[in-house]
Every structure is written in C-alpha cells, then in structure tokens.
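Heads up: the sequence shown is residues -12 to 509, going by the numbering used here.
Everything on this sheet refers to the single structure shown next.
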Amino acid sequence: MGAMMDIRDEHLTIRAWEKRIDDLLERPGDGAALFNVNEDDTREYDAIFLGGGAGGRFGSAYLRAMGGRQLIIEAWPFLGGSCPHNACVPHHLFSECAAELMLQRTMAGKLWFRDMNGVRASIKDVVDVFRKGRVGPHAIMNFQSKEQLDLEYVLNATGTIIDRHTVEVAGRRFRAKNLVLGLGARSQTLTCPGSDLKGIYTYESLVETLDYEPGDTVLVVGGSKTAVEYGCFFNATGRRTIMAVRSELLKVIPDLETRGYTVDRMKDQGMEIWEGSQVEQLEGDSNGRVCAAFVRTPNGIERIETNFVFCGLGETPNSEMPARVLDVKIGPKNEVIVNRQLQTSVPNVYAIGDLIGGPMEMFKARKSGTYAARHIMGEQVDYAPQEWPDFLHTHYEVSWMGLSEQEARAKHKNIITIKMPPDTPDGLNVALPACDRTMLYAFLEPKMSGFQKLIIDEASRRVVGAHHVGYGAKDSFQYLYQLMKQGLTIDQLGEMDELFLNPTHFIQLARLRAGHRKLRDL
Ligand SMILES: Cc1cc2nc3c(=O)[nH]c(=O)nc-3n(C[C@H](O)[C@H](O)[C@H](O)COP(=O)(O)OP(=O)(O)OC[C@H]3O[C@@H](n4cnc5c(N)ncnc54)[C@H](O)[C@@H]3O)c2cc1C
Ligand SMILES: NC(=O)c1ccc[n+]([C@@H]2O[C@H](COP(=O)([O-])OP(=O)(O)OC[C@H]3O[C@@H](n4cnc5c(N)ncnc54)[C@H](OP(=O)(O)O)[C@@H]3O)[C@@H](O)[C@H]2O)c1
C-alpha cells in the first residue's frame, strides 16, 4: 500500500478525476489511498459503508441526506462499484453492438447497408472502446459524491473489519455506531481440468485482460443473463457461437411463449444452443492458451476447437471476511443472511446489495443501501424483494413483469391475452409490432419486429402481467409495474395518452378492448 493522500480540500473537476482514476488503475495496489474525510467533524460516524458500489454509495447518500454522518471505504479508486467498471455498463455496450450488428447483417445489401458477407467485427476493439472510456462515469461519481452529496470517503484502499464498530484502512482505524457491508460478489469459474488456461474469461477478466482477437469459434458456458448477453454479442460479431447450457436456456424468462420467441430469434441468428451439456475438459496449446473444449452433450462428447471460452456461471457473494471476523450468519450460496431491516445476525452490522444474494440487480443494491441507512437513522423499514420487473438482452431487449400466462392461468379463473403479432395463420410474418428500432424489420423482415403480450384477469379487469421482446419497453415497464401493483385495469390503461408509435402498443391495444363488458383476447 502506498501513501495516504488527503483530498479534502482538493476540488477536482470531472476531467481531472478521470485522469487521477486512470493513473491509479494503471498501478493497482501501489497508489495512494485517497482520503476525503472531514477531520473537523467530531461526531461519531453513524455508519461506515464497507464497499462503495451501488449499495454503499446510495446508502451513504441517503444517510447523509437524513442528517447522519457516514464514511465509505472502497478498494477501487472510484465509487460506483462493479456496475460501471465491469458488469452492467460493458454489458449494455456489448448488447447495443449486438443489436446494431444484427440490423446491419439483416439489412445487408438493402438501402444503404453494406454487404456484410464474411465481415467479422472485432471483439477486442469494442472491449478497448470500453476500457478507454470507462473512467468517465467513475469520475462523475467521485465528483458528485464529494462536491454535491457531501459524502466522506476513502478510496483506493482495501478495508479490513476489526470488529463490529471498527474498520482499518490504509493504516488508520475508523469507528462507527454501525457497519454496513456492501462487499459485492464475484463470478464463479469452471473447475474442470484445463480451467486455469489462458483464454477463459468471465465478465470481470474480459474487460481487464483480453489482449488478442478471439478466433472464429466461441464457446459460452452458462444459460442465463450474463452468458446470453455476452454470447449474443460474440455471435453478432460474425463468429460461430456455441452455448453449452447445463440445464435449459433462459429459464429466467417466465412466460413460455415470450421465451420461445426470444430463443427462436437467437437460433435464427445462427447461435448453437446445446442444452443439457457441460464442459468436461479444456485443452491448451504450447502457449498455455485454450485451443479446444470437450463438451458432454446428450449425444456424447463433442470436441470444439476454440481459443476463446466465456463463462457466465453466476456469482458468489464476498462474504468470507464478515463470516471470519464477525461470525455473521451465511446462507447456502455464501450470501450474508439479513432480516427485512437489512440487519445481519450480528448487532449493528448490516449487509446490502449482491452480498445478500439474489436478485443481484442494481435496483436491489441501491434500495437495500437506502433502507439500511433509513433504519440506522431510526426509521421503521421493511424490505425483502419478492417480485420486481425484470429484463435481459439477447440481440433484443426482453422485459417482463408480473405473471406469465401459465402462472396467470393457474391463479385466475379466466385470463385474457392481448398480443402482437396476433395469433393468426400468418404467424409472425405480419408487419406489427412496429416501433422505434424495429421499423426496418417491420417493413423488410416482419418476423424480427418483436413480440409482446399483456395478461389480464377477466374478473377484475386488472393487468396481471406484461412481456415484451423488442427495444425500449424496459423504460415503461419500471413505471407500468408500479401501476400494476396499484391495481391497473385494462380500462385505466386504455385511458392513458400514448406517444404513438410507442414500443409496447399496450395502451392502444387496451383501448380497442376496453369497451367490452365481457373481455376477449386480441
Ligand atoms: C455481467 C453483468 C451485467 C449486469 N447488468 C446489470 C444490468 O444491466 N442491470 C442491473 O440492474 N444489474 C446488472 N447487473 C448486476 C449489478 O451489477 C449488481 O447487482 C450491482 O453492481 C451490485 O452492487 P453492490 O453495491 O452490491 O456491489 P458492487 O458494485 O460489486 O460493489 C462492491 C464494492 O465493494 C468493494 N470492496 C470489496 N471488498 C472490499 C474491501 N475489503 N474494502 C473496500 N472495498 C471493498 C469493491 O471494490 C466494490 O466496489 C449485472 C451484473 C453482471 C455480472
Ligand atoms: N439485469 C441484467 O441484465 C443482468 C445481466 C447480467 C447479470 N445480472 C445479474 O447478475 C447475477 C448473475 O447472473 P448470471 O447470469 O451470471 O448467473 P445466474 O443467473 O446465476 O445463472 C447462472 C447460469 O450458469 C449455469 N451454471 C452455474 N454453475 C454452472 C456450472 N458449474 N457449470 C455449468 N453451468 C453452470 C446455471 O445453470 P442452471 O440454470 O442449470 O443452474 C445458469 O444457467 C444474477 O443475479 C443476474 O440477475 C443481471
């Protein structure tokens, strides 16, 4: 560990922060710890947030806003954590490239689109674009947290828990009434023979260490969000992409028809999906880089020649230190167990975000941080997410909320669905849905223009589920979900004023049926 740098009276611009963070990232482990600590404030800290990711930063901001005193201790030289550094942000960049490349390839030779035959886009170039620009958001968060949110923090130094009130960082001990642990999670890796070869990546190592252009075949292991999001990008670059999925692909999408549309479009793009398949062994070349994989499939062992394997195998919470030092209770997936007030089994110790297990999503990291802060500041809170609107990317954006059609039929006597494209003998080959980012598909390749379904309980006329494959619906789902929880009916939906053309068409379709006393499918 290097020296300590007091930055309390430095007021860096966002651009200056970018440079500082870049410099510190160049030499991990030997840069100075950055102390933005208010030495004039003699109050005891209400909370130390160990880990300055989404959970720690939002929790801190809330606690500070409520008049409390907080300190964030963060190992990286920036706040914001894994989302902007190696997880959500690169994923969205890669997913945008996948969508863009699918459009280019589908339209190749038409209009102004160039011939894409044999064109292979560089994976490394896109990774380099990300690496070059990723400190932009980091810098904004450091600036905003110090200059606009008045947060105290120590960056670029790993904190060590001493006891339930004390953390040591860069040779100094800080004491607080409470500890809030937001230590995040790390990716799980393969354990088969050869899994330590070069050329085997996770979302974390891909953006840190990729230093060559992957060859023309990619093996992706895993079948949920991470594996699919990265796999679709690799496929869209023009590479043979095989997904080895040990059980079923995309079980996370609850509605079977929506899942079917999603998976069919992946297959149309040439993705090879090997369900019920597991990697048994990886073989290396003379440079110690993977050159082949042996995959056990339902039809026997397959040998794949590849110099690039990507693993999306889920994540393990970083609970070792709190378990060892504080003896906090840990669950079967290594998650720190908390109650509905985010308290661990140890008094005055809270845990938030990915550290407490699934859903490992930003909304939960941020909300659990703020709920812990509110409880520390004396508010009665109750937080245990049971359901939430959700999404993932393939080459498309897939969003869902509420019940699947199957769940709705099991729960309610009569279910009405409103769908686009409609269930007609023409199947998907009709020109709707059409909306921003799918207009060209609607006119030139209608089957690719998306899929959507609204599910209504006939008796109460309430919307009980919504599902969408296309682009742009995610934005409306986060609000639609709140309305659905408040009892949104088809009649109220039909009363809204849509900004036509809109990505979901739900409002206008609801209006077509809302007049019916006895509802019918559409
Ligand atoms: C590939 C991928 C894509 C994703 N995409 C999305 C998405 O599109 N939308 C979405 O909602 N969610 C997404 N997620 C999930 C999201 O990234 C996480 O849920 C979120 O970042 C968790 O925030 P956190 O604060 O709990 O943890 P993190 O952001 O991981 O923060 C933990 C922090 O603790 C620090 N730390 C650890 N140990 C110490 C220590 N001893 N001392 C000091 N600091 C320490 C780390 O440096 C880190 O900054 C994605 C996840 C992955 C893997
Ligand atoms: N919002 C987003 O867009 C987004 C994007 C990425 C990640 N995330 C979040 O980040 C977390 C991690 O996501 P994830 O997709 O990596 O993990 P995940 O949802 O836990 O899925 C893990 C996948 O890997 C498979 N798997 C696990 N261990 C394996 C092994 N040893 N061998 C072969 N296959 C194995 C699982 O198969 P089984 O199904 O058979 O168990 C599953 O398909 C999740 O909470 C997710 O919601 C969110």
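By construction, the Cβ of each residue, glycine as well, lies at the ideal position given by its N, Cα and C atoms.
Reduced DSSP category for residue i - H, G, I as helix; E, B as strand; rest coil
i: residue 256; result: coil
i: residue 86; result: helix
i: residue 448; result: coil
i: residue 420; result: coil
i: residue 222; result: helix
i: residue 115; result: helix
i: residue 100; result: coil
i: residue 216; result: helix
i: residue 153; result: strand
i: residue 162; result: strand
i: residue 244; result: helix
i: residue 269; result: strand
i: residue 459; result: coil
i: residue 65; result: coil
Contacting residues, own chain, Cβ-Cβ under 6 Å from residue i (five flanking each side not counted)
i: residue 232; result: 210, 262
i: residue 212; result: 379
i: residue 205; result: 221, 226, 228, 295
i: residue 445; result: 401, 403, 506
i: residue 207; result: 214, 218, 230, 297
i: residue 59; result: 36, 39, 43, 47, 140
i: residue 477; result: 443, 448, 497, 501
Whole-angstrom distance between residue j and residue i, CA atom to CA atom
i: residue 177; j: residue 251; result: 28 Å
i: residue 363; j: residue 464; result: 31 Å
i: residue 9; j: residue 184; result: 29 Å
i: residue 6; j: residue 258; result: 40 Å
i: residue 374; j: residue 408; result: 27 Å
i: residue 203; j: residue 433; result: 29 Å
i: residue 241; j: residue 119; result: 37 Å
i: residue 94; j: residue 193; result: 30 Å
i: residue 293; j: residue 79; result: 25 Å
i: residue 41; j: residue 72; result: 11 Å
i: residue 29; j: residue 307; result: 32 Å
i: residue 471; j: residue 127; result: 34 Å
i: residue 96; j: residue 89; result: 13 Å
i: residue 456; j: residue 377; result: 12 Å
i: residue 82; j: residue 26; result: 45 Å
i: residue 412; j: residue 91; result: 29 Å
i: residue 275; j: residue 265; result: 22 Å
i: residue 392; j: residue 489; result: 23 Å
Paired residues, beta bridge with residue i - DSSP
i: residue 351; result: According to DSSP, which records beta bridges pairwise, residue 351 is partnered with nothing at all.
i: residue 397; result: Residue 397 pairs with nothing; no bridge assigned.
i: residue 378; result: 386
i: residue 263; result: Residue 263 pairs with nothing; no bridge assigned.
i: residue 58; result: 35
i: residue 174; result: 302
i: residue 330; result: 337
i: residue 140; result: 23, 59
i: residue -7; result: 22
Close-in-space but distant-in-sequence residues of the same chain around residue i (CB under 7 Å, 5 per side omitted)
i: residue 329; result: 337, 338, 339, 355, 358, 359, 362, 370
i: residue 480; result: 450, 493, 494, 497
i: residue 474; result: 449
i: residue 313; result: 148, 151, 333, 336
Classification of residue i by the beta-carbon crowding that lies within 10 angstroms, buried from 16 upward
i: residue 397; result: exposed
i: residue 154; result: buried
i: residue 469; result: exposed
i: residue 114; result: buried
i: residue 510; result: The structure shown has nothing for residue 510, since the chain only spans -12 to 509.
i: residue 37; result: buried
i: residue 215; result: buried
i: residue 23; result: buried
i: residue 319; result: exposed
i: residue 18; result: buried
i: residue 487; result: exposed
i: residue 503; result: exposed
i: residue 129; result: buried
i: residue 353; result: buried
i: residue 31; result: exposed
i: residue 248; result: buried
i: residue 0; result: exposed
i: residue 386; result: buried
i: residue 462; result: exposed
Cut-off 8 Å between Cβ atoms - residues of its own chain near residue i, not counting five sequence neighbours on either side
i: residue 269; result: 177, 179, 180, 181, 182, 184, 187, 277, 279, 280, 281, 296
i: residue 107; result: 203, 224, 225, 226
Chain B contact for residue i (CB, 8 Å cutoff)
i: residue 118; result: The structure shown contains no chain B; it is built from a single protein chain.
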